[in-house]
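Beneath this line is the structure, given in structure tokens, with notes to follow.
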Amino acid sequence: MLIWLLQRIVHVADSATLLTVRTALASLSAFLIALCLGPWAIHWLKGRFRERIASDSARLDALHAAKKDTPTMGGIFILGAVCLAILLWGDLQSRYVQIGILTALGLGGLGAVDDWIKLSTKKKGLSIRQKLAGQFTVALAASILLYLENQAKPGGLDLVLPLRLGVIPLGVGFIAWSTLVVVGSSNGVNLTDGLDGLASGCMIFAGTAFTALTYLAGNRVMAEFLRIPHLAGAGELTVLMGAVVGAVLGFLWFNAYPAQVFMGDTGALPLGGLIGLAALVSRQELLLLVVGGVFVAETVSVIAQVISFRGFGKRVLACAPLHNHFVFRGVHEVKIVVRFWIVAALLAIAGVASLRLM
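Sequential numbering from 647 applies to the sequence shown in this note's numbering.
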């Protein structure tokens, strides 16, 4: 909306510089919008959507009893801040931005339905099959659009292997692959969202890394220097990811311990989906395993716990996901969260720094 006006005001002729300015402005705008919307949104949510403590563990419920009735579904004002910032500073004609908005709103709507069922009935939200069906539907739609956009671009459908081992042309299989990536990353963030500020803090580090990665993938000079795939137009997703980081920073203002609001599935599902989409657009899906290592560890911990208990009758962790294991061990919540943030920051740095090896 303001791209034309910004070009005239700052007289920016270099598109790369303009992209950097727009990304910074989108991030700042989303932060300020989330910060301003926060008190109003929390007041509105408090009268309608309050957290119900009802997990499968009585001990975990007892440990989290103080969180009962905290307003949830805060993802509503995260997405609101992102969308408003994109309307201001994003190029709405960009196919990548359009796919990003579709992914965010689709998964956000699914998360809202799940949260609403959880809070308004005695059910624990959508069933696993229903939630996965919804996630796969949104991810498949985004993947088809991404396939149509990338198929004519050199390397647009290739899976880049680490350590310069080459690439694997995926062809139409790109649709299935990208669907799995989006669904997997969406669930990874959702599983991490269990302690005050945990998912949002880790999301800031991973989101910042992929803001940089989408910028590099969209810049021909930088892509050639780093010897990574260059996709024309991919840099436009940088503005969207910058807005996501800014909005989550604004949300963390209220979500830090002791949390005044939780993001719920309304926020966790779309944030994870956008991280997966950014990895696909930058053609760095395997690097997502490093940058999003905390989300991967949380997901693997749940899978390992289920396999171990159902197959051998033993639990590998005191409680899954991983952060709950430390809660059961008596580690204070703030210490767990900050340590996870440190790991997330180190993994984000390591992931971006390893680009020359990819």
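Using N, Cα and C, we set each Cβ at its ideal position, and we do this for glycine too.
Here D707 is not near T912, since their CB atoms are 7 Å or more apart. Counting only residues of its own chain and dropping the five nearest sequence neighbours on each side, S703 has a CB closer than 7 Å to the CB of C965.
Measuring C-alpha to C-alpha distances from G879 to each of E795, H971 and P717 identifies E795 as the nearest.
Counted as a single uninterrupted DSSP element, the beta strand (DSSP E) harbouring I814 occupies residues V813 to P815. Secondary structure of V759 (DSSP, three-state): helix. When C-beta atoms of the stretch 743–758 are compared with those of the stretch 676–684, fewer than three pairs fall below 8 Å, so the two segments do not count as touching. Rounded to the nearest angstrom, the gap between the Cα atoms of K799 and L792 is 11 Å. Beyond the five residues adjoining it in sequence on each side, K692 comes within less than 8 Å, by CB distance, of P717 in the same chain, given in chain order. Assignment of D839 by DSSP, reduced to helix, strand and coil, places it in the coil class.
Within the stretch 849–878, the runs of alpha helix (DSSP H) that reach at least 4 residues and sit entirely inside it are, in chain order, 866–872. Beta-bridge annotation (DSSP): V806 is paired with V813. Within its own chain, the residues whose Cβ lies closer than 8 Å to the Cβ of K770, once the five positions on either side in sequence are excluded, are A700 and K764, listed in chain order.
Linking V728 to L886 through their CA atoms gives a straight-line distance of about 7 Å.
Taking all protein chains in view, the Cβ of A999 is surrounded by fewer than 16 other Cβ atoms within 10 Å, so the residue is classified as exposed. Counting along the chain, the unbroken alpha helix (DSSP H) around K981 starts and ends at E979 to A999. With 16 or more other Cβ atoms inside 10 Å of its own Cβ, G997 counts as buried. For R696, the secondary structure class from DSSP, reduced to helix, strand or coil, is strand. The beta carbons of A950 and V962 sit closer together than 7 Å. Linking W690 to G684 through their CA atoms gives a straight-line distance of about 10 Å. Out of L807, F958, G726 and G843, the CA that lies nearest to the CA of A672 is found in G726.
If you draw a straight line from the Cα of A670 to the Cα of G888, it comes to about 7 Å. A direct Cα-Cα distance of roughly 10 Å separates S789 from V827.
7 Å or more divides the Cβ of T857 from the Cβ of S928.
Straight-line measurement puts the Cα of E979 at about 7 Å from the Cα of V973.
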